[in-house]
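A.B. asks: Residue numbers (full-length UniProt numbering): 1 to 289. Ideal placement from N, C-alpha and C gives every residue a C-beta, glycine not left out. All of these numbers come straight from a predicted model, not from anything done at the bench.
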Amino acid sequence: MRARNPYYPHDRVEVVLPGSLPRFLVAAGVLFLLVLLGAAGSYIVPPGHRGVKVTLGKASDRFLPEGFGFKLPLVTRVVPVSVRQRTMPLRAECFSSDLQQVTLDLRVLYRIPERSVVTIYRQYAGDPFDSLIAPRVQEAVKEVTALLTAEQIVKNRGQVKLDALAGARQKIGDLLEVNDLVIRNIDLSEELERAIEAKMVAEQEAARARFVQMQTEIEAETAVIRAEGEAQAIRIRGEALRLNPEFLRLQLVEKWNGRSPLVVPADVGGTGSGLLLPLGRPGAPEVGP
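#1: Quick check on this structure: which residue in L188, P128 and D98 has the alpha carbon closest to the alpha carbon of V83?
#2: For I44 and G69, what's the separation of their Cα atoms in angstroms?
#3: Using a 10 Å radius around the Cβ and a threshold of 16 neighbouring Cβ atoms, would you call I225 buried or exposed?
#4: CA-CA distance, R210 and L148?
#5: What residue from Q152, V212, V54 and A220 has the CA that sits closest to L74's CA?
#6: Applying the 10 Å Cβ sphere with the 16-neighbour rule, what's the burial state of A27?
#7: Determine, using beta carbons only, whether D163 and T103 come nearer to each other than 7 angstroms.
#8: Taking the C-alpha atoms as reference points, what is the distance between N185 and S42?
#9: Using DSSP's beta-bridge definition, name the partner residues of E177.
#10: Can you give the Cα-Cα distance for D105 and S97, rounded to whole angstroms?
#11: Got a sec? Which residues, its chain only, sit under 8 angstroms from L109 by beta carbon, not counting five neighbours each side?
#12: Kindly identify the DSSP beta-bridge partner or partners of K58.
#13: Measuring from the CB of N179, is there a heavy atom of the ligand COA at a distance below 6 angstroms?
#14: Taking the alpha helix (DSSP H) that A164 falls in, what are its first and last residues?
#15: Name the two residues that bound the continuous beta strand (DSSP E) containing T76.
#16: So what's A233 in DSSP terms, helix, strand or just coil?
#17: Are the CB atoms of V81 and G48 nearer to each other than 7 angstroms?
#18: Kindly identify the DSSP beta-bridge partner or partners of S189.
#19: DSSP puts S131 in a beta bridge; with which residues?
#20: Alpha carbons only, please: which of R136, G229, A207 and R23 is nearest the one belonging to K171?
#21: Of the choices A206, R62, R235 and R208, whose alpha-carbon is the least far from that of R115?
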């Protein structure tokens, strides 16, 4: 009820009677309980995840899609499992075929497919990298490097990656998707690195010397072929002049540019006496200077 203040007659003071206080507390408690039950009876699966519904410790056989939903409060819980691609670092200590220790710094790119969400949660608690992916990838890398020398591992790191990736996929199976395997670095001993570097430099110098030698041989062969072609052309022209003297007159006409008079070489080599163009008809008297 409301009571009037005797000192301020125009103001009213709200007085809560003792009997109404328990009803207020009960209403507040009921409201809080409803909010708590509402929060406990709903779930949200974030984007890029799938939910695994666990009721009294037992996981459901079907996953829940991302989004909002309802569940039994205090009895059922929803565990989100990521289906996005993840990148994890990994180191693999291996031995080459020549008994050299090689350490590979790797990056493994993988994801959990939707079909395996429930199985991964049941068997690996939602994170299969340490217990499934890492051992299989390391085993596959060791099998590949054991067949190659340390030098071959360094030179053919692309092929090492492809072979190790194929081996890891075969060992893991369809439970997970191993998208890629990146070799960031290959660590060798300092002595081995210097030996490999010196050998690679020597091979490059030898290859350069072979290239220069091959280029010289090609140039020599080209010069021989050119000389043989010129000699053959000279023989053909000489034979043509011997069989057909008019061939010389044809060459003279071909060399003439249409101007008159013009003195052109009488022979092919240009060493004989010159002739004056235009030429007269056969049998016509020769014009003197």
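C.D. replies: From the atom records:
#1: P128
#2: 6 angstroms
#3: With fewer than 16 neighbouring CB atoms inside 10 Å of its own CB, I225 falls in the exposed class.
#4: 27 angstroms
#5: V54
#6: By the neighbour-count rule (16 or more Cβ atoms within 10 Å), A27 is not buried but exposed.
#7: no
#8: 47 angstroms
#9: R111
#10: 19 angstroms
#11: Q85, R86, T87, V178, N179, D180, L181 and V182.
#12: T55
#13: In terms of ligand content, the structure shown is empty, and the ligand COA therefore cannot be addressed.
#14: R157 to I172
#15: T76 to S82
#16: helix
#17: no
#18: None; S189 has no bridge partner.
#19: Partner(s): none; S131 has no beta bridge.
#20: Ranking R136, G229, A207 and R23 by Cα distance to K171 puts R136 first.
#21: R62
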